[in-house]
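K.L.:
Take any residue in the sequence shown, count from 1 to its spot, add 91: that is its number in the numbering used here.
Quick one: the structure is below, questions incoming.
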Amino acid sequence: MILDIKTRNNVLSTMQKLVQQNAEIIIAANQKDMDAYTGGDLAMKDRLKVDDAKIDSMIASLGQLSSQEDPVGVERFAFTHPNGLEIYNRTASFGTVLIIYESRPDVTIEAGGIAFKSGNKILLKGGKEALNSNLAIVDLWHKALLENGIENPTRWVEYLNYDRATTQAFLKAPNQPIDLIVPRGGERLIAFVKEHAQCPVIVSGRGNNFVYVHKDADLEMALSIIVNAKTAKISACNAVDKVLIDDRLPHKQKFEAALLERLTEFSVEVIAEPSFIENHKASHPNLKPITNSEIWHEEFLDYKIVIGTLTSTAAAIEKINTYSGGHSASIVTTDKQAATNFMAAIDCAAVYHNASTRFTDGFEFGLGGELAIGTDKLHQRGPIGLQHLVTNKWYVHGNGQIR
Numbered sequence: 092m093i094l095d096i097k098t099r100n101n102v103l104s105t106m107q108k109l110v111q112q113n114a115e116i117i118i119a120a121n122q123k124d125m126d127a128y129t130g131g132d133l134a135m136k137d138r139l140k141v142d143d144a145k146i147d148s149m150i151a152s153l154g155q156l157s158s159q160e161d162p163v164g165v166e167r168f169a170f171t172h173p174n175g176l177e178i179y180n181r182t183a184s185f186g187t188v189l190i191i192y193e194s195r196p197d198v199t200i201e202a203g204g205i206a207f208k209s210g211n212k213i214l215l216k217g218g219k220e221a222l223n224s225n226l227a228i229v230d231l232w233h234k235a236l237l238e239n240g241i242e243n244p245t246r247w248v249e250y251l252n253y254d255r256a257t258t259q260a261f262l263k264a265p266n267q268p269i270d271l272i273v274p275r276g277g278e279r280l281i282a283f284v285k286e287h288a289q290c291p292v293i294v295s296g297r298g299n300n301f302v303y304v305h306k307d308a309d310l311e312m313a314l315s316i317i318v319n320a321k322t323a324k325i326s327a328c329n330a331v332d333k334v335l336i337d338d339r340l341p342h343k344q345k346f347e348a349a350l351l352e353r354l355t356e357f358s359v360e361v362i363a364e365p366s367f368i369e370n371h372k373a374s375h376p377n378l379k380p381i382t383n384s385e386i387w388h389e390e391f392l393d394y395k396i397v398i399g400t401l402t403s404t405a406a407a408i409e410k411i412n413t414y415s416g417g418h419s420a421s422i423v424t425t426d427k428q429a430a431t432n433f434m435a436a437i438d439c440a441a442v443y444h445n446a447s448t449r450f451t452d453g454f455e456f457g458l459g460g461e462l463a464i465g466t467d468k469l470h471q472r473g474p475i476g477l478q479h480l481v482t483n484k485w486y487v488h489g490n491g492q493i494r
């Protein structure tokens, strides 16, 4: 049994009010986590921090969710059998969704809210580095449920304060039904969940996104897109890590020099092929060579980028499809046909023409937040929003038909 849509929306609206009223409490709890964090991972530290902007994002996410249509019970197919059976296919809740995540307290709001609105019980397993923040937010979830007459709030929102060993044991032999697991974090977390889980897992894999500067690119546009995609938010999985420049590009060396200058302003470490380094070592002696082809597979989540050159669009497509994480790739070109061909051939969840990969995001795609960004091809690719966090069920009405 799930909560009716009016109750679900009321809980979300109450939660929105409580987050707004308790912003200082959340930020104070987060400060404890920030003070305790001693790791050197810039991306994790950035994701861990809760400030006024993140509070505003949480509030906006809850508001959008409460105003969206109910994703449960939507009719997807209807058929009348020749024998009179009325057959319908409608969306249905999964049941219990476990979200395992690292360092991002906002997931406790945004992903948790999507799972709740979809009629599911939420199990939340956050990283130890965000424990104080997460517990403060889960406390608000429980208050929102109680304010709306739901006497046993952990029946709908439950936080699992487990260490790694306990989590592993829970995944292998859960003490309650789990219908779906969504890991939000790095490759190690995802691999850990896939290895031990006994139910379906939505894989939100690595980014390792590419920008290809085609021979007919607008050079100023290409500069702007690359710098934004690399430096706007290094902790985001939609940041760019690799740039491919077409050898046929007019004024190619001048463009490369301008790109290096712009990246230097943000202290981005540049790793490049020997020919690229040879052309620019006089003005940029700190360029680092590619020493192992495996670097093309890496997601950096840091002020680091790899620049390569190639001779054709076909070569760019092959390179991206070989090494990318299946997340996002962009082509910069004034040739619409070249863009169409590139976008059709690239095997990524989101493909771009003349735009930054930083837009691969639930809010930016009009979904009102996201549960995760799926990089597998089942069951949903790219940002997974409210309407995607459902399964389906068949309803068959008869009057005694037998086969």
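We put the beta carbon where it would ideally sit given N, CA and C, even for glycine.
When DSSP builds the beta bridges, which residues end up paired with Lys-484?
P.N.:
The partner list for Lys-484 (beta bridge, DSSP) reads Arg-181.
K.L.:
Using alpha carbons as the reference points, say which of Lys-306, Glu-278, Thr-245 and Ile-398 lies closest to Ile-317.
P.N.:
Measuring from the Cα of Ile-317, the nearest candidate turns out to be Ile-398.
K.L.:
In whole angstroms, give me the CA-to-CA distance for Arg-449 and His-488.
P.N.:
About 47 Å.
K.L.:
Compare the Cα-Cα distances from Val-165 to each of Ser-104, Val-442, Ile-386 and Asn-180 and report the closest residue.
P.N.:
The shortest C-alpha separation from Val-165 is found at Asn-180.
K.L.:
Can you tell me which of Leu-231, Asn-377 and His-305 puts its alpha carbon nearest to the alpha carbon of Thr-105?
P.N.:
For the residues Leu-231, Asn-377 and His-305, the minimum Cα distance to Thr-105 belongs to Leu-231.
K.L.:
Name the DSSP bridge partner or partners of Arg-275?
P.N.:
Tyr-192, per the DSSP bridge assignment.
K.L.:
Would you mind sorting Trp-485 into buried or exposed? The rule is 16 or more other CB atoms within 10 Å of its CB.
P.N.:
Exposed, by the Cβ-count rule.
K.L.:
Return the chain-ordered list of same chain residues with a C-beta closer than 6 Å to the C-beta of Ile-336, the five sequence neighbours on each side being excluded.
P.N.:
Excluding positions up to five away in sequence, the list reads Val-304 and Thr-400.
K.L.:
Hey, how far is the Cα of Asp-161 from the Cα of Lys-208?
P.N.:
Going from the Cα of Asp-161 to the Cα of Lys-208 covers about 7 Å.
K.L.:
In chain order, what are the residue ranges of uninterrupted alpha helix (DSSP H) at least 4 long that sit wholly in the stretch 399–435?
P.N.:
Those alpha helix (DSSP H) runs which fall completely within the stretch 399–435 and span 4+ residues are 404–414.
K.L.:
Out of Glu-177, Ala-114 and Glu-220, which one is the CA nearest neighbour of Lys-136?
P.N.:
Comparing Cα positions, the closest option is Glu-220.
K.L.:
Cα-Cα, which of Leu-354, Glu-347, Asn-174 and Gly-210 is closest to Glu-369?
P.N.:
If we check each option's Cα against that of Glu-369, Glu-347 comes out closest.
K.L.:
Is Val-294 helix, strand or coil when you go by DSSP?
P.N.:
Of the three classes helix, strand and coil, the one that applies to Val-294 here is coil, per DSSP.
K.L.:
Could you spell out the range, first to last residue, of the alpha helix (DSSP H) harbouring Lys-140?
P.N.:
Where Lys-140 is concerned, there is no enclosing alpha helix (DSSP H), given that its DSSP letter is neither H nor E.
K.L.:
Determine the closest residue to Glu-461 out of Lys-372, Gln-155, Ile-408 and Phe-301, with distance taken between C-alpha atoms.
P.N.:
Cα-wise, what sits closest to Glu-461 is Gln-155.
K.L.:
Can you check the stretch 291–337 for any beta strand (DSSP E) of at least 3 residues that lies completely inside it and give the ranges in chain order?
P.N.:
You should have 300–304 and 331–337.
K.L.:
Comparing the C-beta of Val-292 with each C-beta of chain C, is any distance below 9 Å?
P.N.:
This model lacks chain C altogether, as it is built from one protein chain only.
K.L.:
Rounded to whole angstroms, what's the CA-CA distance from Gln-492 to Thr-482? Just pull it up for me.
P.N.:
Cα to Cα, the separation comes out at about 27 Å.
K.L.:
Between Gly-416 and the rest of its own chain, which residues show a CB-CB distance below 7 Å, the 5 nearest in sequence each way excluded?
P.N.:
Cβ neighbours of Gly-416 beyond the five flanking positions: Gly-296, Arg-297, Gly-298, Asn-299, Glu-390 and Thr-466.
K.L.:
If you compare alpha carbons, which of Leu-109, Ser-148, Pro-291 and Asp-143 is closest to Val-198?
P.N.:
Selected option, being the one with the closest Cα: Ser-148.
K.L.:
Taking Leu-214 and Ile-269 to be in contact with their CB atoms under 8 Å, please state how far apart those CB atoms are, rounded to whole angstroms.
P.N.:
With a Cβ gap of about 7 Å, Leu-214 and Ile-269 count as contacting.
K.L.:
Identify whether Gly-154 lies in helix, strand or coil by the three-state DSSP scheme.
P.N.:
Reduced to three states, the DSSP call for Gly-154 is helix.
K.L.:
Which residue marks the beginning of the beta strand (DSSP E) containing Val-442, and which one marks its end?
P.N.:
It spans 441–444 - the beta strand (DSSP E) in which Val-442 sits, taken as one unbroken run.
K.L.:
Taking C-beta to C-beta, are Ala-153 and Gln-107 nearer than 9 Å?
P.N.:
Sequence inspection shows Leu at residue 153; the Ala mentioned does not correspond to that position. Contact: yes.
K.L.:
One question on the structure: do Ile-437 and Asn-412 come within less than 9 Å of each other, judged by their Cβ atoms?
P.N.:
Yes; because the gap between Cβ atoms is below 9 Å, this pair is in contact.
K.L.:
Tell me whether the beta-carbon of Glu-193 lies closer than 9 Å to the beta-carbon of Gly-277.
P.N.:
Taking 9 Å as the Cβ cut-off, Glu-193 and Gly-277 qualify as a contacting pair.
K.L.:
Hey, quick one: how far does the alpha helix (DSSP H) through Leu-231 stretch, first residue to last?
P.N.:
Element bounds for Leu-231: 222–238.
K.L.:
Which complete alpha helix (DSSP H) runs does the stretch 358–404 hold, if anything under 4 residues is left out?
P.N.:
Listed in chain order, they are 365–371.
K.L.:
Which of the three DSSP states is assigned to Glu-249 in this structure?
P.N.:
Strand at Glu-249.
K.L.:
Quick check on DSSP: helix, strand or coil for Glu-166?
P.N.:
Three-state DSSP puts Glu-166 in a strand.
K.L.:
Can you list, in chain order, the residues of its chain with a C-beta nearer than 7 Å to that of Arg-353? Leave out the 5 residues immediately preceding and following it.
P.N.:
Once the five neighbours on either side are set aside, the close Cβ partners of Arg-353 are Leu-314 and Val-318.
K.L.:
For the beta strand (DSSP E) that contains Leu-214, what are its first and last residues?
P.N.:
212–216 is the span of the beta strand (DSSP E), which, as asked, contains Leu-214.
K.L.:
Here's the rule: buried if 16 or more other CB atoms are within 10 angstroms of the residue's CB, otherwise exposed. What is Ser-184?
P.N.:
Burial call: buried.
K.L.:
When we look at the beta-carbon of Lys-379 and count the other beta-carbons within 10 Å, is it buried (16 or more) or exposed?
P.N.:
Exposed, because fewer than 16 other Cβ atoms sit within 10 Å of the Cβ of Lys-379.
K.L.:
Can you tell me the Cα-Cα spacing of Ile-118 and Ser-224, whole angstroms?
P.N.:
When rounded, the distance between both Cα atoms is 8 Å.
K.L.:
What residue from Pro-274, Lys-306, Arg-279 and Asp-307 has the CA that sits closest to Pro-53's CA?
P.N.:
No statement about residue 53 is possible, as the shown extent of the chain runs from 92 to 494 and does not include it.
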